[in-house]
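Enquirer: Got a structure here, written out as structure tokens. Questions coming.
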Amino acid sequence: MDIDCFKVIHRGSGNSGITVVDDGCRRNLYLDGDTLQSTMLLDEPDRLDLEYSQAMMCALLFQPLPRKVLLVGLGGGSLVRFLLEFCPEARIDVAEINPEVVTVARQYFLLPRSERLLITPAPGEVVVADRLAAGDRYDLLLLDAFDDDGPA
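To convert, note that position 27 of the sequence shown is 28 in my numbering; the numbers rise steadily by one, no gaps.
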């Protein structure tokens, strides 16, 4: 995939299907080979670049100051970076089934470490059920799980 302005900077281990590609302006995360999951603008990493990510943040019109957010699916962490920046009071819990996605998000997509961020390496449905059983309540629940068929 090293063609002209595209440069593969990471290929996942085994058959994970994770690929990170730079095009000079953007860093892109592909899952399952050719499914674009996340994009980060290299000169504006906190800006949401993909339309579906922007659309997901329309939820803030209805819940403008969430204090607790549960996000299912991490990808490159663009939603997490955005929420940490623009919702300074929010605690963000993330369910991500693939630990390698977390590693890639930290290494290539500037996913910050924060005391307001908890990432649980488990399927979303398990994390949601566990949190509800524990009595946790959230102001905002975002489903960003993604596969080669599109959003879950």
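Backbone N, C-alpha and C define an ideal beta-carbon position, used for all residues, glycine too.
Provide the residue span of the alpha helix (DSSP H) that contains alanine 56, from first to last.
Expert: Alanine 56 -> alpha helix (DSSP H) spans 52–57.
Enquirer: Pair every Cβ in the region 117–128 with every Cβ in the region 85–96, then say whether three or more of these pairs are closer than 8 Å.
Expert: With the cut-off at 8 Å, the region 117–128 and the region 85–96 touch.
Enquirer: For the putative contact between leucine 30 and glycine 76, defined by C-beta atoms under 8 Å, what is the C-beta separation to the nearest angstrom?
Expert: That belief holds up - the Cβ atoms of leucine 30 and glycine 76 are roughly 6 Å apart, short of 8 Å.
Enquirer: Would the region 7–25 count as touching the region 91–107 if we require 3 or more Cβ pairs under 8 Å?
Expert: Contact holds: three or more Cβ-Cβ distances are below 8 Å.
Enquirer: Give me the DSSP bridge partner(s) of leucine 37.
Expert: For leucine 37, which the question treats as bridged, DSSP gives the partners Tyr31.
Enquirer: Span of the alpha helix (DSSP H) holding aspartate 131?
Expert: Run containing aspartate 131: 125–134, per the alpha helix (DSSP H) assignment.
Enquirer: Look at the alpha carbon of phenylalanine 110 and the alpha carbon of glycine 136, and state the distance between them as a whole number of angstroms.
Expert: Rounded to the nearest angstrom, the two C-alpha atoms are 32 Å apart.
Enquirer: Are the Cβ atoms of glycine 125 and valine 81 separated by less than 8 Å?
Expert: Not a contact, by the Cβ cut-off of 8 Å.
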